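Asker: First the structure, then my questions, so here it is.
Protein chains: 2
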Amino acid sequence: MLRKQELRSAETRRDILSAAGALFAKRGFDAVTMREIAGKAGCSHTTIYIHFKDKEALLHALSMPSLQELKQRMESILLHHDLSPEERLKGISREFIHFCLQNRTMYTIFFEAKSVRVDEERPALPINQLRNGLFRLLQQALQDCLDRQRGDLLLTSARIFFFTIHGIVGTYTYSEETPEALMDRLSSTFDEAVDVLLLGFRQQTVLRQQTIQGGTIL
Amino acid sequence: MLRKQELRSAETRRDILSAAGALFAKRGFDAVTMREIAGKAGCSHTTIYIHFKDKEALLHALSMPSLQELKQRMESILLHHDLSPEERLKGISREFIHFCLQNRTMYTIFFEAKSVRVDEERPALPINQLRNGLFRLLQQALQDCLDRQRGDLLLTSARIFFFTIHGIVGTYTYSEETPEALMDRLSSTFDEAVDVLLLGFRQQTVLRQQTIQGGTIL
DNA sequence: GATGGTTACTAACCGATGGTCATTAATCAA
DNA sequence: TTGATTAATGACCATCGGTTAGTAACCATC
Chain A
1 MLRKQELRSA ETRRDILSAA GALFAKRGFD AVTMREIAGK AGCSHTTIYI
51 HFKDKEALLH ALSMPSLQEL KQRMESILLH HDLSPEERLK GISREFIHFC
101 LQNRTMYTIF FEAKSVRVDE ERPALPINQL RNGLFRLLQQ ALQDCLDRQR
151 GDLLLTSARI FFFTIHGIVG TYTYSEETPE ALMDRLSSTF DEAVDVLLLG
201 FRQQTVLRQQ TIQGGTIL
Chain B
1001 MLRKQELRSA ETRRDILSAA GALFAKRGFD AVTMREIAGK AGCSHTTIYI
1051 HFKDKEALLH ALSMPSLQEL KQRMESILLH HDLSPEERLK GISREFIHFC
1101 LQNRTMYTIF FEAKSVRVDE ERPALPINQL RNGLFRLLQQ ALQDCLDRQR
1151 GDLLLTSARI FFFTIHGIVG TYTYSEETPE ALMDRLSSTF DEAVDVLLLG
1201 FRQQTVLRQQ TIQGGTIL
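Protein chains in written order, with the numbering used here: chain A, 1 to 218; chain B, 1001 to 1218.
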């Protein structure tokens, strides 16, 4: 059945999403106004509120698909078994960093501020599941490199690893350089960070086992 | 000479600063309005604009002294030569993290977003010098632990170290827990992160020297 | 094919925001 | 006492995110 109304509604919704996506990406969430989005989408700013609860809901609707895509890309790297575990971890990390820098205007919302409020509305909101899924992917890639680490020790290592990745993104989120320029200039530093962390984690495991085997009492 | 005008002006300015400081710390920069600050300071909101160019200038005026204090605390730890270099590094890191969590509503402004705009006005703005100074303190504390690293290698290590610290702060900036609760719950994780990084940096140095001495060609 | 309800949309409006400006009133040098 | 300087203000501005009453197109039903 051809329902003209539904078609028009869906088209308006798409127009709003694509307009908002372009504007957010270029100028950031706060700097873009609802009226601006409406203007670019070719409708009244009130119409946006028919399709989305508020400005933030618009951002979330916009961010879900790209987060999904990121997750898929990270998953596919994790399955590349012709790569070494270390190369997989570096690839996943680079992918994550690159994505966050590309979507830098939304990153803070994905991973920080607004998750609390969202939690109130729906405890197991998809975006939070996605976020946890991304962390688990990093953790998995890390475990492949550290097969002697499990349980709490692995979780702590994954946390520390995440801190570093998160800090990289945070450091360059507000840079003027394009994501590609940043990745070109810094990807070797990022790889080195992964190397250092892996060396540290492994050395730490060795030290712990020595402590246990050596039976240090004091 | 007792100039009543100057005294009153200075007092009003202090009132504004202390009111804004309390409000920003409690509810965050964006959530606090100029009228609110004015109300608490006992003046009209217009008066604030006499003393400060805009809301952001108010924040910067507010942040300078606490950043100064942080720097002094970090410097004093660096001079505690009865502590081991590792303990000094951990102490400095903890101090930095704790400060950033205590001033979490201003942290993003200190270290991220608005520095660009500020740069336009005054290239060598004090706050940027301060920020670089803080980084150099971290770098110094790190060098004390890694006396075999110098120059570019040390700089890269310091960057990676900063990434991690920065990521820790970023991860918990929007937490609901108090800074003290967070430090209690996580300070051992933070210490462990420092341990891991140090182990990694050292191991990396060893590997490089082996490569050089061993003369690996391919 | 007119009727009545639903749907997509909008113009006008709301309170509140950051910021400006003409004006007032106190203070100061002469 | 006078005239300039200064701190402080109240009225005002454009704009923001968001609401609401109302319009017009659409759709199923009689």
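Glycine is no exception: its CB is placed at the ideal position from the N, C-alpha and C atoms. In this text, all values refer to a predicted model and were calculated from it rather than measured experimentally.
Kindly say whether ARG1094 of chain B, judged by its beta-carbon, lies nearer than 9 Å to any beta-carbon of chain A.
Answerer: Taking Cβ atoms only, chain A never reaches closer than 9 Å to ARG1094 of chain B, which makes this a no.
Asker: Using C-beta distances below 6 Å, list every residue in its chain close to LEU1146 of chain B, excluding the 5 sequence neighbours before and after it, in chain order.
Answerer: Here the set comprises PHE1201.
Asker: Give me the Cβ distance between MET34 of chain A and LYS55 of chain A, rounded to the nearest whole Å; I'm assuming they're in contact under 8 Å.
Answerer: Right, their Cβ atoms sit about 6 Å apart.
Asker: Roughly how far, in whole angstroms, is the beta-carbon of GLY28 of chain A from the beta-carbon of THR105 of chain A, given that I think they are within contact range, below 8 Å?
Answerer: Going by Cβ atoms, the distance from GLY28 of chain A to THR105 of chain A rounds to 4 Å, so yes, they are a contact pair.
Asker: PHE1135 of chain B to PHE1162 of chain B, Cα distance in whole Å?
Answerer: Roughly 8 Å between the two C-alpha positions.
Asker: Apart from the five residues just before and just after ARG13 of chain A, which ones in its own chain have a Cβ nearer than 8 Å to its Cβ?
Answerer: Counting only Cβ-Cβ distances below 8 Å, and skipping sequence neighbours, we find HIS51.
Asker: In chain order, what residues of the stretch 149 to 162 of chain A put their CB closer than 8 Å to some CB of chain B?
Answerer: For the stretch 149 to 162 of chain A, which is checked against every Cβ of chain B, the residues closer than 8 Å are THR156, SER157, ARG159, ILE160 and PHE162.
Asker: Output needed for VAL194 of chain A: all residues of its chain with C-beta closer than 7 Å, excluding positions within five of it in sequence on either side, in chain order.
Answerer: So the list reads LEU89, LYS90 and SER93, once near-sequence residues are dropped.
Asker: Return the CA-CA distance between ARG131 of chain A and ASP1015 of chain B, expressed in angstroms with no decimal places.
Answerer: Between ARG131 of chain A and ASP1015 of chain B, the C-alpha separation is close to 43 Å.
Asker: Might you give, ordered along the chain, the residues of its own chain that have their beta carbon closer than 8 Å to the beta carbon of LEU1137 of chain B, omitting 5 neighbours on each side?
Answerer: The residues are LYS1071, MET1074, GLU1075, LEU1078 and ILE1092.
Asker: Between MET1183 of chain B and HIS1060 of chain B, which are expected to be in contact by the criterion C-beta below 8 Å, what is the C-beta distance as a whole number of angstroms?
Answerer: Actually they do not touch by this definition, with Cβ atoms about 26 Å apart.
Asker: Taking ARG1008 of chain B as the reference, give the member of B:ALA1020, B:CYS1043 and B:ALA1019 with the closest Cα.
Answerer: Looking at the Cα atoms, B:CYS1043 is the closest of the given residues.
Asker: How would you write the range of the alpha helix (DSSP H) that THR1164 of chain B sits in, first residue to last?
Answerer: First-last of the alpha helix (DSSP H) with THR1164 of chain B: 1151 to 1172.
Asker: Under the assumption that ASP152 of chain A contacts PRO85 of chain A (Cβ atoms under 8 Å), give the Cβ distance between them as a whole number of angstroms.
Answerer: That pair is no contact at about 21 Å.
Asker: Any residues in the stretch 1187 to 1199 of chain B with a beta carbon nearer than 8 Å to a beta carbon of chain A? Which ones, in chain order?
Answerer: Within the stretch 1187 to 1199 of chain B, the residues whose Cβ lies closer than 8 Å to some Cβ of chain A are THR1189, GLU1192, ALA1193, ASP1195, VAL1196, LEU1197, LEU1198 and LEU1199, listed in chain order.
Asker: For the putative contact between TYR1156 of chain B and THR189 of chain A, defined by C-beta atoms under 8 Å, what is the C-beta separation to the nearest angstrom?
Answerer: The residue you asked about is not Tyr; residue 1156 of chain B is Thr in the sequence shown. Indeed, because the Cβ distance is near 6 Å, the residues count as touching under 8 Å.
Asker: Using a Cβ-Cβ cut-off of less than 9 Å, list which residues of the stretch 41 to 56 of chain A approach chain B; keep chain order.
Answerer: Here the close residues number zero.
Asker: So if I threshold CB-CB distances at 8 Å, which residues from the stretch 63 to 97 of chain A count as touching chain B?
Answerer: Flagged: no residues at all.
Asker: Beta-carbon separation of PHE1096 of chain B and LEU1062 of chain B under 9 Å?
Answerer: Contact flag unset, no.
Asker: Which stretch, first to last residue, makes up the alpha helix (DSSP H) that contains GLY1091 of chain B?
Answerer: GLY1091 of chain B -> alpha helix (DSSP H) spans 1085 to 1102.
Asker: With distance defined between alpha-carbon atoms, name the residue in B:SER1066, B:GLN1102, B:MET1064 and B:ALA1141 nearest to LEU1083 of chain B.
Answerer: Considering only alpha carbons, the answer is B:ALA1141.
Asker: Which same chain residues, not among the five before or five after VAL1169 of chain B, have their C-beta less than 7 Å away from its C-beta?
Answerer: Once the five neighbours on either side are set aside, the close Cβ partners of VAL1169 of chain B are ILE1097, CYS1100, LEU1101 and TYR1107.
Asker: Restricting to Cα atoms, I'd like to know which of B:GLN1068, B:ARG1148 and B:GLU1011 is closest to GLN1129 of chain B.
Answerer: Nearest of B:GLN1068, B:ARG1148 and B:GLU1011 to GLN1129 of chain B, Cα basis: B:GLN1068.
Asker: What residues from chain A crowd round GLN1210 of chain B, counting only those whose CB sits closer than 9 Å?
Answerer: In chain order: nothing, as chain A lies at least about 13 Å away.
Asker: Locate the alpha helix (DSSP H) running through GLU1056 of chain B, then write down its first and last residues.
Answerer: 1055 to 1078 is the extent of the alpha helix (DSSP H) around GLU1056 of chain B.
Asker: Expressed to the nearest angstrom, what Euclidean distance is found between the alpha-carbon atoms of SER1187 of chain B and PRO1179 of chain B?
Answerer: Going by the C-alpha atoms only, they are around 11 Å apart.
Asker: Find out if the Cβ-Cβ distance for the pair VAL1196 of chain B, GLN204 of chain A is shorter than 9 Å.
Answerer: For VAL1196 of chain B and GLN204 of chain A, yes; Cβs fall inside 9 Å.
Asker: Between which residues of its own chain and ILE1037 of chain B is the CB-CB distance below 7 Å, once the five residues before and five after are set aside?
Answerer: Only ILE1016, ALA1019, ALA1020, LEU1023 and ILE1048 meet the Cβ criterion.
Asker: Decide if THR46 of chain A is buried, meaning its Cβ has at least 16 other Cβ atoms within 10 Å, or exposed.
Answerer: That one is exposed.
Asker: Using a Cβ-Cβ cutoff of less than 7 Å, which residues in the same chain neighbour GLU1177 of chain B once the five nearest sequence positions on both sides are dropped?
Answerer: There are no such residues.
Asker: Give every residue of the same chain whose Cβ lies closer than 7 Å to the Cβ of ASP1191 of chain B, excluding the five residues on either side of it in the sequence, and list them in chain order.
Answerer: Cβ neighbours of ASP1191 of chain B beyond the five flanking positions: LYS1090.
Asker: Would you decide whether LEU207 of chain A is buried or exposed? Buried here means 16 or more other CB atoms lie within 10 Å of its CB.
Answerer: With fewer than 16 Cβ atoms within 10 Å of its Cβ, LEU207 of chain A is classed as exposed.
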